[in-house]
Amino acid sequence: MGVVEIKIIREHLYAAVCKCFPSHWLHTTNLDTSASTTRIVMAWDPGVLTITLISASSHMVLGKVEGIACHREFFISIIYGSNSVSERRGLWSALRHANSVVRTFAWLQMGDYNVVRKVNERMVGFDSSATLEFNNCLHDLEMDDMPARGFWYTWSNK
Numbered sequence: 440m441g442v443v444e445i446k447i448i449r450e451h452l453y454a455a456v457c458k459c460f461p462s463h464w465l466h467t468t469n470l471d472t473s474a475s476t477t478r479i480v481m482a483w484d485p486g487v488l489t490i491t492l493i494s495a496s497s498h499m500v501l502g503k504v505e506g507i508a509c510h511r512e513f514f515i516s517i518i519y520g521s522n523s524v525s526e527r528r529g530l531w532s533a534l535r536h537a538n539s540v541v542r543t544f545a546w547l548q549m550g551d552y553n554v555v556r557k558v559n560e561r562m563v564g565f566d567s568s569a570t571l572e573f574n575n576c577l578h579d580l581e582m583d584d585m586p587a588r589g590f591w592y593t594w595s596n597k
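This is the structure we're talking about:
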């Protein structure tokens, strides 16, 4: 599976998918008919996985994944949170709603929430109210993040 989180203009989407993923892979995006750009592209090998799109919004793609060989099912959310605190509240609401859909299945969330859980995850500037909202959402979903490996700060490679 591959994930791209970047703004891609509608007219360039096909070329970007062709460049980033093998030609036989399938893909879905959060691009709707009214938007001019997409922020999330999720692609997969149809010989390995079946993915059914459940919902897509400006900040999340939610899909049901089935492993073809193992017949195991789980849900996946690819997240690209807004830089705006007020716009991220829509993401928290969407995640809480999705939780009611996926409640009895394993659910993997991955991506960039554009907010940190703890003050030591940020090099400069810290918005404690945004962090509180994020942590409250994760608590409501009964989720936790996995420990990070590699570069801690992705923008500085440190």
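Residues 440 to 597 (our numbering) make up the sequence shown, in order. Every residue gets a Cβ at the ideal spot worked out from N, C-alpha and C, and that includes glycine. All of these numbers come straight from a predicted model, not from anything done at the bench.
Next item on the list: Give the DSSP-derived three-state secondary structure of Leu580 in the structure shown.
Entry: helix
Next item on the list: Would you identify the three-state DSSP class for Thr543, choosing helix, strand or coil?
Entry: coil
Check: At what residues does the beta strand (DSSP E) containing Ala482 begin and finish?
Finding: 476-483
Note to self: Following a CB-centred definition, is Ala454 positioned closer than 8 Å to any heavy atom of the ligand HEM?
What the structure shows: In the structure on display, the ligand HEM does not appear, and there are no ligands present to speak of.
Checklist line | Buried versus exposed, by CB contacts within 10 Å (16 or more), Ser539 | finding: That one is exposed.
Item checked: Same chain, Cβ closer than 8 Å to Thr476, five either side skipped, listed in chain order -> Contacts found: Lys446, Ile447, Ile448, Arg449, Leu470.
Next item on the list: Kindly give me the distance between the Cβ atoms of Val504 and Phe514, rounded to whole angstroms, as I take these residues to be in contact under 8 Å.
Entry: 7 Å
Notebook entry, point to check: So what's Gly520 in DSSP terms, helix, strand or just coil?
Noted result: coil
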